[in-house]
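Taking it in order: structure first as structure tokens, then the write-up.
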Amino acid sequence: MTEMNMVQALNSALDLSMAADDSIILLGEDIGVDGGVFRVTEGLQKKYGPERVNDTPLVELGIVGMAIGMALTGLKPIAEIQFQDFIYTAMDQIINQAAKIRYRSAGQYTVPMVLRTPYGGGIKGGLYHSQSGETYFAHTAGLTVVSPSNPADAKGLLISSIGYGDPVIFLEPKRIYRTIKGEVKDGSYAIPLRKAAVVREGDDITAITYGSMVPTVRDAFEKNNVNGDIIDLRTLMPFDIETIVKSVEKTGRVLVVHEAPRTLGLGAEISAAIAERAMESLLGPILRVTGPDSPFPYRHEEYYLPNEKRIMKAVNKLSEYR
Amino acid sequence: MTEMNMVQALNSALDLSMAADDSIILLGEDIGVDGGVFRVTEGLQKKYGPERVNDTPLVELGIVGMAIGMALTGLKPIAEIQFQDFIYTAMDQIINQAAKIRYRSAGQYTVPMVLRTPYGGGIKGGLYHSQSGETYFAHTAGLTVVSPSNPADAKGLLISSIGYGDPVIFLEPKRIYRTIKGEVKDGSYAIPLRKAAVVREGDDITAITYGSMVPTVRDAFEKNNVNGDIIDLRTLMPFDIETIVKSVEKTGRVLVVHEAPRTLGLGAEISAAIAERAMESLLGPILRVTGPDSPFPYRHEEYYLPNEKRIMKAVNKLSEYR
Amino acid sequence: MQEAEKSEEKSRLVKAYTAIVLARTLDKKIVVAQRQGRVGFYTPTMGQEALQIGASMALTEKDLIYGYYRDVPMMLHRGVPMEVIINQIMGNSEDSALGRQMPSHFSDKKRNFMSVQSPVATNLPVATGAAFTQKYRKTNSVVLATFGDGSTSTPDFHAAMNMAAVFNLPVIFLCENNGWAISLPVEKQTIAEIWTKAAAYGMRGLRVNGNDVIETHEVTLEAVKRAREGKGPTLIDAVSFRMGPHSTSDDPSKYRSETVEEGSDRDPVVVTEKTLKSRGYIDDKLIESIKSRAQKIVDDKFEECAKIPPPEPKSAFEDVYGKSTWMLDEEVKDIL
Amino acid sequence: MQEAEKSEEKSRLVKAYTAIVLARTLDKKIVVAQRQGRVGFYTPTMGQEALQIGASMALTEKDLIYGYYRDVPMMLHRGVPMEVIINQIMGNSEDSALGRQMPSHFSDKKRNFMSVQSPVATNLPVATGAAFTQKYRKTNSVVLATFGDGSTSTPDFHAAMNMAAVFNLPVIFLCENNGWAISLPVEKQTIAEIWTKAAAYGMRGLRVNGNDVIETHEVTLEAVKRAREGKGPTLIDAVSFRMGPHSTSDDPSKYRSETVEEGSDRDPVVVTEKTLKSRGYIDDKLIESIKSRAQKIVDDKFEECAKIPPPEPKSAFEDVYGKSTWMLDEEVKDIL
Ligand SMILES: Cc1ncc(C[n+]2csc(CCOP(=O)(O)OP(=O)(O)O)c2C)c(N)n1
Ligand SMILES: Cc1ncc(C[n+]2csc(CCOP(=O)(O)OP(=O)(O)O)c2C)c(N)n1
Ligand SMILES: [Mg+2]
Ligand SMILES: [Mg+2]
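Residue numbers (my numbering), protein chains in the order written: chain A, 1 to 322; chain B, 1 to 322; chain C, 1 to 336; chain D, 1 to 336.
Here's what the structure looks like:
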């Protein structure tokens with residue numbers, strides 16, 4: 001066990017995996033000599049050489065396209081998109097190639113590729129360094145979407161994602177890259193995909209969240225003595241409906257929290273899915289505390305991000321339903 | 001009044017608008033000499049010249065990018081993307097430029113652009129000529145998403161979209177391009193955006209749908225004597241919550257129908273929004289009849305598309321709740 | 001030329017010619033079948049046979065093809081069984097993609113022919129990644145990536161060309177320049193000649209007469225050799241004609257006046273015949289027998305394949321993931 | 001040269017030099033302020049002053065600039081008030097974008113300086129569309145689009161270049177080739193020299209010494225003239241240095257050994273001083289007074305702007321649409 005932050009945990013996952021498997025190739029902008037603008041790939045080019053840790057030209061579409069081609073031919077590429085906000089020129093490669101090749105070839109070809117990318121606000125990045133675009137991926141059949149909420153999960157989930165067999169969009173909550181530390185096991189270990197974690201247990205309310213909002217919700221619950229379950233999705237798509245329904249049947253009150261804009265944010269699907277299968281258990285409406293439907297502002301980012309005040313407002317509103 | 005199909009109605013909207021306003025410029029692949037692969041722009045290049053009806057090179061990103069630049073400088077461009085499935089290389093221009101310029105310039109610059117594109121299945125187009133990607137646009141703050149369900153609406157909604165002030169993604173349900181005819185007023189007329197139409201009225205159930213599914217739902221309701229409201233959204237984003245809630249308060253039973261995949265399809269947001277504000281009125285769960293979370297198949301497309309059988313199964317299930 | 005060499009050349013060229021004839025025969029069969037409603041859609045290949053087969057002749061079976069929707073002649077020459085092609089067009093239960101894709105979206109992993117997508121040129125960055133693997137794994141294989149002239153305008157072309165050059169990868173970009181992108185002539189697609197675009201990436205670029213199977217073969221062979229030697233990628237601009245419409249949905253009379261007629265002396269079948277005749281490799285009798293054999297094969301295969309039933313409906317919703325999701329399982333239960 | 005011409009040249013070049021000094025002074029002020037925590041982030045422009053101002057000198061106020069995050073010197077020369085720049089960097093209530101954008105994402109519609117986005121090069125197709133309007137409306141204006149060397153690898157560069165050429169539009173693509181894209185040197189970005197990329201689109205391409213304000217001016221002027229005459233677009237590869245880090249978040253010591261020192265004889269301030277001295281347009285006294293005036297202006301403006309309060313929180317959620325949506329209204333009510 002070593003205490004580390006999420007950047008270090010991700011670096012450790014990459015390092016251990018690369019040491020064990022020479023089919024793992026890294027590519028992206030500034031990931032080599034520079035170690036990545038957030039330093040996740042620090043030291044890896046020196047250790048594994050420029051053939052395995054590739055600094056690429058400035059073209060996300062090319063990075064993703066090449067990673068797909070590598071994956072099709074037996075490698076396990078891990079591409080870094082410097083900010084999730086810059087992934088959109090590669091959307092065609094992601095939606096029309098990566099997500100559909102297994103299907104369109106009836107399983108002849110598969111794409112065991114990981115796209116790692118920092119997402120979310122909280123670093124004063126404004127419109128273009130703060131986006132939470134998980135909906136664009138989660139709505140796309142064929143993609144698996146993962147996001148960790150702490151260093152230990154980051155390591156175990158990334159290890160599970162590498163060579164997973166289907167393309168994984170691995171969303172790293174950059175706000176908590178360095179702000180949260182935790183004990184992380186030293187060797188390689190996997191945390192299974194498609195399984196949520198219940199990170200706090202209680203009877204009155206179910207909070208469903210992921211990524212950087214997990215510590216925010218937990219702090220709010222702890223500070224205000226909220227007696228509720230907190231479900232950390234870990235895998236956003238396909239999300240773990242069993243864990244959710246089980247909790248909802250117990251509490252009858254549901255709160256979904258995410259940074260992404262509310263409209264068609266992941267909360268919409270979670271809300272709809274719960275309404276379809278646990279309507280009778282619900283004591284009140286399913287509430288969503290999310291980012292608003294606007295671009296992400298620079299100066300006033302603290303107003304954009306869900307916070308204790310807004311979470312507790314929703315909790316209090318829900319507690320009126322009995 | 002003239003009886004016409006949707007292709008003709010759209011052509012008429014373009015023709016009348018271009019005759020009245022020389023700031024309207026068309027651009028896209030094969031829209032000029034060829035008149036568009038679906039013939040929506042037939043005859044317009046001959047009438048308005050190649051400066052106003054521009055055949056472009058094969059680059060959706062460039063088509064959208066240029067249209068944005070035209071819009072920023074006083075023109076009212078209307079770009080055609082040959083199939084919605086091919087729009088994704090332009091996603092960055094759509095999400096990071098078109099949708100955000102008004103905001104990021106605090107209203108100094110605006111993008112009165114229309115992106116017209118055929119979407120949806122039903123023409124044996126397989127994975128790449130059948131997609132319904134409205135979620136990608138509807139989740140993006142700053143965009144207005146419109147889809148007509150009949151020739152008369154197509155004309156009036158397109159006229160409202162041209163020069164609307166904000167970028168409009170105008171999704172044309174290609175399956176009913178020519179299969180449905182209707183009386184269309186001859187001159188220019190506008191149908192307001194952000195307003196739904198109640199295309200059939202009844203007491204027992206609210207069906208919320210749009211585009212090619214409107215006739216499918218209507219046929220099912222008529223054939224089976226379902227006593228329900230059918231709401232045709234017309235504008236998908238921002239959708240008309242007032243009309244929806246009013247109907248739900250009357251019927252207490254809700255069915256959302258769309259071709260797009262269920263997970264994070266528009267139905268998810270509609271379901272969540274209703275649950276947030278009309279929970280007490282609901283007699284049963286909000287059901288969704290949608291395309292499945294898979295790519296769109298070629299040979300068996302009839303299984304992908306929602307049909308009478310599946311709609312009636314949901315209606316019957318809902319009618320059990322009283 | 002030595003006797004052995006000559007006989008080797010003869011057999012190579014007769015094989016090429018046979019594939020050209022077979023491809024043309026199949027092409028016409030499918031076009032007719034489409035008109036009869038027996039096939040849903042098709043993109044004819046007529047006019048591009050010589051260049052495709054010339055390129056294919058330069059490859060070994062271990063080389064990889066990342067092709068596009070018009071590459072039937074190349075597939076046939078490579079040894080892809082005709083039923084793989086026809087079953088795909090029919091989308092029946094023997095189709096290697098189980099009827100999921102539109103006609104003309106072939107794939108045959110066994111022969112290293114990658115599954116075709118519709119958005120044009122998006123195979124190019126992917127092919128570049130596949131070439132990375134060959135270099136990294138020192139397989140000595142090369143990747144051939146094909147695309148049309150219109151496809152050079154795409155983002156993907158630019159990304160692939162630059163990255164292939166920067167990483168010095170064993171990939172050959174074969175532009176099947178048939179002069180048209182649906183209704184847009186190549187002169188309006190771009191002002192520069194396509195082979196000159198290679199220089200923008202520090203890449204070698206060449207133009208060949210794509211109607212000449214021997215020239216295309218030789219130029220491709222050299223590119224392949226260079227790629228195997230670690231000398232990096234090449235762009236080949238193979239100029240030919242699209243003799244037919246863009247697809248069975250297209251009406252070229254709307255935008256095109258001049259065409260290359262079948263049987264005219266620009267038709268690659270005729271050109272190849274002449275070349276082989278002048279070298280004494282074929283005569284009218286052999287031509288006749290190759291053609292009638294081709295017709296029989298095509299007719300027989302087509303009817304055989306037409307008898308194969310469609311795939312199970314449930315197969316339309318499989319292979320979305322390695323392991324299906326609860327969402328999809330639920331949805332499919334509702335559908336079937 | 002005639003007297004009048006000479007005096008005109010003198011005033012033009014002294015204006016240019018003054019702007020260079022002003023830009024450098026402001027640049028250093030902001031970098032220090034960032035370290036002190038008074039500014040959130042910044043992309044220094046040091047090293048690119050001469051090329052930007054040389055290009056700006058070739059434009060009239062009616063011409064449009066679609067620039068990028070490093071174009072402060074160009075803005076200053078164009079007459080964009082310094083407070084527009086500082087207020088943007090501070091994101092205060094006087095910022096023309098109301099503090100919504102990260103520092104270095106300027107805009108000034110009044111001076112036809114388009115709002116800057118972060119994803120690099122995505123302004124290029126947009127600039128091409130703006131140039132379409134100039135041609136269509138026969139305004140006689142041209143569009144100047146700027147971007148870095150790294151940005152030539154993007155899809156947007158390819159799309160814009162080809163379309164500008166095909167439509168023969170009045171747009172000048174000015175590549176501010178500072179040799180680096182964060183940590184990637186231009187030699188690894190692409191193998192070809194950037195000016196040679198123009199030929200791939202049938203476009204005119206030129207390379208200039210971006211450190212030489214006069215050369216850059218003359219070359220740009222000719223490109224502008226051609227554009228106004230309907231002779232189409234030009235790509236200018238203006239070679240310079242990034243003297244500082246990529247941004248205030250960047251640590252170039254990790255990847256870069258050689259640098260151009262401030263005050264060295266490759267520093268564009270020094271180069272421009274020398275040129276102007278040699279023509280007898282400035283002397284040490286004038287230099288001194290220009291520099292001290294610049295320092296005073298910068299210091300004063302900076303402190304003035306620092307006093308301006310932040311925008312109202314609610315303004316962070318306005319201008320998403322011409323008319324807000326019910327969703328956003330509801331959400332904002334919950335937030336505030
Ligand atoms: C990205 C994209 N945009 C549009 C289309 C529609 N489309 C299909 S083929 C084609 C023309 C392609 O021309 P070219 O690359 O020259 O190939 P050819 O068909 O002539 O062989 C177009 C525009 C597409 N398939 N993909
Ligand atoms: C599409 C995109 N990808 C990545 C980034 C992150 N990024 C910001 S600047 C930069 C380098 C740009 O280099 P260049 O174009 O040469 O401009 P310079 O900063 O050197 O002036 C990168 C990679 C971005 N802004 N946009
Ligand atoms: Mg072509
Ligand atoms: Mg640079």
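Heads up, the beta-carbon is just placed ideally off N, CA and C, and yes, glycines get one too.
Note on Ala20/A: under 16 other CB atoms within 10 angstroms of its CB, so exposed under the neighbour-count rule. Here the alpha carbons of Thr234/D and Pro261/B stand approximately 46 Å from one another. In the structure shown, the three-state DSSP call for Ala131/C is helix. It is roughly 37 Å from the alpha-carbon of Ser105/B to the alpha-carbon of Gly187/B.
Those residues of the region 105 to 138 of chain B placed with their C-beta closer than 8 Å to a C-beta in chain C are Lys124, Gly125, Gly126, Leu127, Tyr128, His129, ordered along the chain. Between the region 146 to 153 of chain A and the region 66 to 78 of chain D, the count of C-beta pairs closer than 8 Å stays below three; the two stretches do not touch.
In terms of CA proximity to Lys46/B, Leu26/B leads the group Leu26/B, Asp232/B, Arg234/B. Within the region 156 to 188 of chain C, the residues whose Cβ lies closer than 9 Å to some Cβ of chain B are Asp156, Ala181, Ile182, Ser183, Leu184, Lys188, listed in chain order. Under the Cβ criterion of 8 Å, Ser271/A is counted among the residues facing chain B. In this structure, Leu236/B places its C-beta atom within 8 Å of the C-beta atom of Ser147/B.
Around the beta carbon of Gln97/A, a 10 Å sphere encloses 16 or more other beta carbons of the protein chains shown; the residue is thus reported as buried. In summary, the residues of the region 298 to 331 of chain D whose CB is separated from some CB of chain A by less than 7 Å are Pro310, Pro311, Pro313, Ala316, Phe317, Val320, Thr325, Met327, Leu328, Glu331, in the order they occur in the chain. With a cutoff of 8 Å on beta-carbon distance, Val217/A and Ile311/A are scored as near each other. Distances from the CB of Trp195/C to the heavy atoms of ligand 1 are all 7 Å or more. Sequence-distant Cβ neighbours of Leu59/D in its own chain, meaning closer than 7 Å and more than five residues away, are Leu144, Val224. Each of Glu304/C, Glu187/C, Thr133/C was checked against the Cα of Thr56/B, and the nearest Cα belongs to Glu187/C. With the rule of 3 Cβ pairs closer than 8 Å, the region 146 to 155 of chain D counts as touching the region 119 to 136 of chain D. If you look at Leu44/A, you'll find it isn't in any beta strand (DSSP E); it sits in the alpha helix (DSSP H) that goes 44 to 48. Val32/C: not part of any beta strand (DSSP E); member of the alpha helix (DSSP H) spanning 3 to 35, first to last residue. In the structure shown, the three-state DSSP call for Val40/B is coil. Residue burial annotation: Lys29/C is buried, with at least 16 other C-beta atoms found within 10 angstroms of its C-beta. Contact annotation: Ile159/B and Tyr128/B have beta-carbon atoms that are not nearer than 8 Å. Annotation: Leu184/D to Ala192/D spans about 15 Å, alpha carbon to alpha carbon. Residues of the region 245 to 274 of chain A with a C-beta less than 9 Å from any C-beta of chain D: Pro261, Arg262, Thr263, listed in chain order. At a cut-off of 8 Å between beta carbons, Pro125/D contacts chain B.
Apart from the 5 residues on each side of it in sequence, Leu266/A sits with its Cβ closer than 7 Å to the Cβ of Glu134, Thr135, Ala138, Leu236, His258, Ala260 in its chain, given in chain order. Across the region 190 to 218 of chain C, CB contacts with chain D closer than 7 Å involve Thr190, Ile191, Ala192, Thr196, Lys197, Ala199, Ala200, Tyr201, Gly202, in sequence order along the chain. For the options Val80/C, Thr139/C, Gln134/C, Arg137/C, the alpha carbon positioned closest to that of Ser115/C is the one of Val80/C. In this structure, Phe41/C places its C-beta atom within 8 Å of the C-beta atom of Pro103/C. With a cutoff of 7 Å, Ala181/D counts as near ligand 4, since its C-beta is closer than that to a heavy atom of the ligand.
Under DSSP, Phe113/C forms a beta bridge with Ile65/C, Asp108/C. Per the C-alpha coordinates, the member of Thr140/A, Glu308/A, Leu14/A, Lys181/A positioned closest to Gly156/A is Leu14/A. Between the alpha carbons of Phe113/C and Thr128/D lies a gap of roughly 38 Å.
Here Ala165/D is buried, its C-beta having at least 16 other C-beta atoms within 10 Å.
Against chain A, a Cβ distance below 8 Å from Thr89/B picks out Leu61, Thr89, Met91, Asp92.
Your pair Phe296/B and Gly121/B checks out as a contact, with CB atoms roughly 6 Å apart and the cut at 8 Å.
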